[in-house]
Amino acid sequence: MSAPGPDVPGSGLARAALAALVTGTLGAGPAVAGQAPGAAGAAPPAPTWQASISNVARLESWRFFEPPPTGGDPDYAFLGNRLRLELRGRWRRVQTTLAAQHVGFVGLPERASNPGPFGTGALYFDQGGRHANQQQLYLRYAHVRFPDLARGFDLQVGRMPYTSGAEAPSGVPKVEAVKRQRLDARLVGEFEWAIVQRGYDGVRADITRPSWRATGIAFMPTQGGFARVAGPTITDVFVGGVTASSQGSAQAPRRTQVQGFSLYYADHRPVTQRPDNTGRAAAEADIGITTIGGTLIGAYPAAGGEVDVLGWTAWQAGDWYGQDHRAHAFAAEAGYQWSRAGWRPWIRAGLFRASGDESAADEAHGTFFPLLPTVRRYSQTTAYSTMNLNDVFVSAQARPRSTLGLRLDVHRLDLASAGDLWYIGSGATLDSGAVFGYAGRRSNGSTRLGTSVEGSADFTITPRLSVNGFLGWIKGGRVVTGTFRGDHLWFGYVESVFSFTTR
13 MSAPGPDVPG
23 SGLARAALAA
33 LVTGTLGAGP
43 AVAGQAPGAA
53 GAAPPAPTWQ
63 ASISNVARLE
73 SWRFFEPPPT
83 GGDPDYAFLG
93 NRLRLELRGR
103 WRRVQTTLAA
113 QHVGFVGLPE
123 RASNPGPFGT
133 GALYFDQGGR
143 HANQQQLYLR
153 YAHVRFPDLA
163 RGFDLQVGRM
173 PYTSGAEAPS
183 GVPKVEAVKR
193 QRLDARLVGE
203 FEWAIVQRGY
213 DGVRADITRP
223 SWRATGIAFM
233 PTQGGFARVA
243 GPTITDVFVG
253 GVTASSQGSA
263 QAPRRTQVQG
273 FSLYYADHRP
283 VTQRPDNTGR
293 AAAEADIGIT
303 TIGGTLIGAY
313 PAAGGEVDVL
323 GWTAWQAGDW
333 YGQDHRAHAF
343 AAEAGYQWSR
353 AGWRPWIRAG
363 LFRASGDESA
373 ADEAHGTFFP
383 LLPTVRRYSQ
393 TTAYSTMNLN
403 DVFVSAQARP
413 RSTLGLRLDV
423 HRLDLASAGD
433 LWYIGSGATL
443 DSGAVFGYAG
453 RRSNGSTRLG
463 TSVEGSADFT
473 ITPRLSVNGF
483 LGWIKGGRVV
493 TGTFRGDHLW
503 FGYVESVFSF
513 TTR
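Every number in the numbering used here is 12 more than the matching position in the sequence shown, counting from 1.
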């Protein structure tokens, strides 16, 4: 992610994506890091240099579910800041990117846990060396791209961004908007919303043809997300795969885009936490999972507006700490936007299901494992992950002014299996220790997790400066009240996003 803000509701690129959606210009601006490289043969004829600076300052406030009397403090606020300096060079045959990132926190909570972490502040504190005020400077990107090594073949090597689902453009603004909000980073992402984030060390290759693109990756993630030391490579985690996508352009748009993918994830970190329902101890992670799936996204004119659809499915097989792993997940969504109405309202609804494990006593593991996602795109309050979950939602978006975007989401949340856990997390953040990257709380014999209501607003002050806000509320069900005394969670933030790029 080279833009200053994350591509999630109420933050950073959400403003740009929604603005582009309602004005019909999405895809016309600068590319977002993690999307596919430019078309073959697009390298500039003469050497050029470009520098950019971006800064995100965010004030977060939490009122987590009220814990038992012996628990920690669920109410707190803290300030986080992320500053990035990036330099890009382009020659006819080579393109290079270097980026340094500095992050800092003030006022992280010291008692915001037990049972488990109470929101993001607790995670930053626990994984940041248990200091209320902290900062670090690290290498965010350092990669080289060789465009058009052969006809339509691009190669990237080094530390780079990557977002699954964003490999190929469709040429249709609505398809790209749905993709950014509801497909990108479901399985592999940069943890974009977190202040620290993550990157990938390895190789990416793209074969591009007029109507399709194939992408191959072989990566190891970096520490990040909430980590006390960001930047080091997590050498005991490997993700590799191939994606084939139909693609279009502004000149030849594809209103229906399809994609097939296969990803392999291996994890052998010396991490003692084991995120499943067995309660068994572990000396190290022992995971090898293959995920195969497909996507269909479409957008079609209809009755003075535009209809959009999304279908996504993934099936998994492999090994989970010596258990036979079989799991699945799917999403089905549809929406309609009134193109001619004031505010250009856009209504969407859908459901998501990620399988859970039915029994802790057998030697089979059935919990869907979402690899290395940016989970906040799909769990805006960050109080649950896309594991052992049934999520039915309705979303409304509008733009009263060209500089103001609004969004409201309502979710009915249930566990897929009462025999499994209520999971949180977004994948590996540390290379060793007691933190896996996912964690679980008991279900208390119920599947009723709760109902969430989430609202966001994005206001553009100038082309280089925006202010974004978010407020989320969850009314917890039996899954929550079996562990906590309270059944209400509040989470809100306000952030400023600044960016500047030389021409």
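Glycine included, C-beta positions come from ideal geometry on N, C-alpha and C.
So, is Tyr-136 buried or exposed, given that buried needs 16 or more other C-beta atoms within 10 angstroms?
buried
Ala-408 and Leu-425 - do their beta-carbons sit closer together than 8 angstroms?
no
When the Cα of Glu-370 is compared with those of Ala-346, Thr-398, His-337, which residue comes out closest?
His-337
Whole-angstrom distance between Trp-355 and Phe-380, CA atom to CA atom:
38 angstroms
In terms of residues, what are the limits of the alpha helix (DSSP H) holding Pro-412?
Careful: Pro-412 lies outside any alpha helix (DSSP H), inside the beta strand (DSSP E) at 401-413.
Out of curiosity, what's the CA-to-CA distance linking Gln-263 and Val-184?
10 angstroms
Buried or exposed for Gln-62, going by 16 or more other Cβ atoms inside 10 Å?
exposed
Mind listing, in chain order, the continuous alpha helix (DSSP H) runs of no fewer than 4 residues lying wholly within the region 71-99?
none
Inspect the beta-carbon positions of Ala-372 and Asn-456 and report whether they are closer than 8 angstroms.
no
Kindly indicate the opening and closing residues of the alpha helix (DSSP H) around Glu-188.
185-194
Beta-carbon proximity check, Ala-242 vs Gln-235, cutoff 8 angstroms
yes
Just the Cα atoms here: how many angstroms apart are Val-447 and Gln-139?
8 angstroms
In the DSSP assignment, find the unbroken alpha helix (DSSP H) run with Thr-245 in it and report its ends.
Unbroken run through Thr-245: none, as it is neither H nor E.
Beta-bridge partners of His-337, as assigned by DSSP
Gly-330, His-377
Taking the alpha-carbon positions, what's the Arg-187 to Gly-83 distance?
Before going on, a small fix: residue 187 reads as Val here, not Arg. Each residue's Cα considered, the two are about 46 angstroms apart.
Span separating the alpha-carbon of Val-509 from that of Ala-376
46 angstroms
In three-state DSSP terms, what is Leu-427?
coil
Which ranges does the beta strand (DSSP E) cover as unbroken runs of at least 3 residues, wholly within the region 262-339, from first to last along the chain?
268-279, 299-314, 317-332
Integer-rounded CB distance, given that Asp-403 should sit under 8 angstroms from Ile-246
At roughly 29 angstroms, the Cβ-Cβ gap does not stay under 8 angstroms, so Ile-246 and Asp-403 are not in contact.
Determine whether the beta carbon atoms of Gly-237 and Val-200 lie at a separation below 8 angstroms.
no
Three-state class that DSSP yields for Phe-177 in the structure shown:
In the sequence as displayed, the identity of residue 177 is Gly instead of Phe. Looking at Gly-177 - three-state DSSP - the assignment turns out to be coil, as it is neither helix nor strand.
What separation, rounded to the nearest whole angstrom, lies between the Cα atoms of Gln-148 and Trp-205?
17 angstroms
May I ask you to report which of helix, strand or coil DSSP gives Val-68?
strand
Where do the ends of the alpha helix (DSSP H) carrying Asp-138 lie?
132-139
State the Cα-Cα distance for the pair Phe-250 and Phe-273, rounded to the nearest angstrom.
17 angstroms
I think Val-270 touches Ser-258, with their Cβ atoms under 8 angstroms apart; what is that distance to the nearest whole Å?
5 angstroms
Helix, strand or coil: which one does DSSP assign to Arg-460?
strand
In terms of alpha-carbon separation, which member of Leu-433, Arg-476, Phe-471 lies closest to Ser-458?
Leu-433
Residue nearest to Gly-305 in terms of C-alpha spacing, selected from Pro-287, Ala-293, Trp-327:
Trp-327
On the three-pair Cβ rule with 8 angstroms, is the region 280-294 touching the region 316-326?
no
Would you be able to state if there are at least three C-beta pairs under 8 angstroms between the region 97-110 and the region 72-83?
no
Under the rule that 16 or more other beta-carbon atoms within 10 Å means buried, what is Leu-161, buried or exposed?
exposed
Going straight from the alpha carbon of Pro-244 to that of Ile-473, what length do you get?
36 angstroms
Using 8 angstroms for Cβ pairs, my map puts Pro-86 next to Ala-124. What's the rounded Cβ distance?
7 angstroms
For Arg-152 versus Ala-112, is the C-beta spacing smaller than 8 angstroms?
yes
With DSSP as the reference, label Val-509 as helix, strand or coil.
strand
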